[in-house]
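Everything in the first sequence is counted per my numbering, starting at 163 for the first residue and increasing by one. Using N, Cα and C, we set each Cβ at its ideal position, and we do this for glycine too. Values in this document were obtained by computation on a predicted structure and should not be read as measured data. For reference, the structure discussed in these notes is given below.
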Amino acid sequence: MAKMQAVRGMNDILPSETPIWQHLEGCFARVVKSFGYSEIRFPVVEQTQLFTRSIGEVTDIVEKEMYSFEDRNGDNLSLRPEGTAGCVRAADQHGLLYNQQQRLWYQGAMFRHERPQKGRYRQFQQFGVETYGMAGPGIDAELMQLSSALWQELGISSHVRLELNNIGDAEERRKYAKALGLFFADHRDVLDSEALRRLETNPLRILDSKNPDLQSIFDKAPLLADFVSDKSKCHFDELLSLLDAAEIDYVINPKLVRGLDYYNSCVFEWVTDALGAQGTVCGGGRYDGLVEQLGGKPTFAAGFAMGAERLVLLLEGLTNVADSLSKRADVYILVRDVDCISAAQALGKNLRFHLPNRSVVIHYGGGKVSSQLKGAVGAGAQFACIFESKQLKESSSLRLRKLDDLGESTDCAIVDVPDKLAKLLV
RNA sequence: GUGACUGUAGCUCAGCUGGUAGAGCCCUGGACUGUGACUCCGGUGGUCGCGGGUUCGAACCCCGUCAGUCACCCCA
């Protein structure tokens, strides 16, 4: 039988890569906590209906990217392609949205059956934040401040920029879509097949097209801004002044239309030029109608999600974090003769008790001392404890070697090793 | 889902117009002033992604398939 391999688009994260992931997860957890958000966890699998009703029937995600299946009861289930729908469902089901405000965060795997590419995978990790019950632009601004704080923490601020747009409410967008539809219907001859299809389903998405022939008529197309109500404009303007006051730079991108139907009012993306075609590192906005649409009470809502793989790619490109995080051991215990193993393990236990934040590794691979020392250096240890049968029996001591450029070593009574290392470890 | 390019030891790659495979790193054994970081010598490791076909003979040509990269598309 041929060697088993991972399912296409689903990646292993190897020991050499996990430190950077842990770093990312740690930074996110810290920032989110500093803003007072609470963690929520919800299932990877939901009723397919939850996603089709929230994300939108005619979106690409629902039409061709969901992992859907019938379970043994005949229920139609899907692997979550994004987090917001499940979060709303969970929060509403347990009464978290009843006359109260919530600031929630989550982290987890999402699934979309797309063609894999750098920064785009079929199983991918998202960090997400969702807030409920807050109507004003303050919370919108907070979401951008929070993400901005994370970029700062990660040291990638100069590699991302904020783009935003006001897409109005559902009714305003319907009117706009109608006007757009009429406009494009007059220019049927220039539309490509994809655009023609969208003319019937979701004319707004035609504006996303990168087809140069289409771009040329976009200039003459009606503008969403002309259909947006004064109330919505006011919200957006207030948001902009809050961002100005918080000294967060942004670019208004009138073509920014998010791919999920539930968004309204202000939407935003953090984008980078460093990742090729998959440049969106974080995306979100308001979705005031979604809770009601899923059967709850009308509830103000706003949130965002970011792609962990893309952030990891950015961090790897910077090469500043990896090395310092990948150390496995502080102290490495070498066993020159096999009859020293129990003594080595006893010392290990003792050291782990006295130096609770340090890592102690014992070598069981055999081999000569020189190669064991190599392993000690490879593990990033500062000290090696070398057990030798003769020395152990005669004097209950071992050889303590410092693994720096000088490599000085001294004999040391085993009982004194913990205190000595406590002083010497940097 | 569409197109282009790629797929040789654990890693990075070489292999000229087809004649059944090589280097560096890594690992390992040894030498060297004991017990790592320098140097020298030796060794392990590949049915050349997989399956067909053409040929006396294919890593190299053809077809299919799987996987990766990039773009389209989509979005995080």
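In this model, residue 349 and residue 417 are separated by some 19 Å (Cα to Cα). Contact between the stretch 335-354 and the stretch 364-384 is present: three or more C-beta pairs spanning the two stretches fall below 8 Å. Between residue 241 and residue 202 the beta-carbon gap is near 18 Å, outside 8 Å, which marks them as no contact. The Cβ-Cβ distance between residue 182 and residue 423 does not fall below 8 Å. Between residue 295 and residue 263, the C-beta gap is smaller than 8 Å, which places the two residues in contact. Under a 10 Å Cβ-count criterion, residue 516 is classified as exposed, with fewer than 16 other Cβ atoms of the shown protein chains found around its own Cβ. Beta-bridge analysis with DSSP links residue 432 to 324, 444. Taken atom to atom, the span from the alpha-carbon of residue 579 to that of residue 587 is near 12 Å. In the displayed model, residue 190 falls within a helix according to three-state DSSP.
About 35 Å separates the beta carbon of residue 280 from that of residue 455, a gap too long to meet the 8 Å contact definition. In terms of Cα proximity to residue 314, the closest of 178, 410, 205, 501 is 410. For residue 175, there is no enclosing alpha helix (DSSP H), as DSSP marks it with neither H nor E. Each of 259, 366, 248 was checked against the Cα of residue 210, and the nearest Cα belongs to 248. Classified as buried, residue 449 has 16 or more neighbouring CB atoms from the shown chains inside 10 Å of its CB. Around the Cβ of residue 287, a 10 Å sphere holds 16 or more other Cβ atoms; the residue is buried.
Membership of residue 255 in the alpha helix (DSSP H) is indicated by the continuous run 246-255. When the beta-carbon positions are compared, residue 415 and residue 329 stay at least 8 Å from each other. Leaving aside the five residues that flank residue 327 on each side, the residues in its chain whose CB is nearer than 7 Å to its CB run, in chain order, 414, 415, 416, 418, 429. A direct Cα-Cα distance of roughly 40 Å separates residue 510 from residue 169. Within the model, the alpha-carbon separation for residue 499 versus residue 176 is close to 33 Å. Counting only runs of 4+ residues, the alpha helix (DSSP H) found wholly inside the stretch 182-230 occupies 210-217, in chain order. One alpha carbon belongs to residue 204, the other to residue 291, and they sit about 13 Å apart.
For residue 432, the closest C-alpha among the options 310, 531, 388, 523 is that of 310. Out of 464, 359, 308, the CA that lies nearest to the CA of residue 191 is found in 308. Less than 8 Å separates the beta-carbon of residue 563 from that of residue 546. Excluding five sequence positions before and after residue 357, the CB atoms of its chain that fall closer than 8 Å to its own CB belong to 346, 368, 371, 373, 376, given in chain order.
One thing to note: residue 253 has its Cβ no nearer than 8 Å to the Cβ of residue 206. Boundaries of the alpha helix (DSSP H) harbouring residue 306: 299-316, taken from the DSSP string.
Residue burial is scored here from C-beta neighbours: residue 577 has fewer than 16 other C-beta atoms within 10 angstroms and is therefore classed as exposed.
Closest option to residue 259, judged by alpha-carbon separation, among 232, 462, 180, 193: 462. In terms of Cβ geometry, residue 213 and residue 467 do not form a close pair [threshold 8 Å]. In the three-state scheme derived from DSSP, where H, G and I count as helix and E and B as strand, residue 522 is classed as strand.
Around the beta-carbon of residue 303, 16 or more other beta-carbon atoms lie within 10 Å, marking it buried. Around the C-beta of residue 380, fewer than 16 other C-beta atoms lie within 10 Å, and the residue is accordingly described as exposed. Around the Cβ of residue 490, a 10 Å sphere holds fewer than 16 other Cβ atoms; the residue is exposed.
If you draw a straight line from the Cα of residue 301 to the Cα of residue 331, it comes to about 17 Å.
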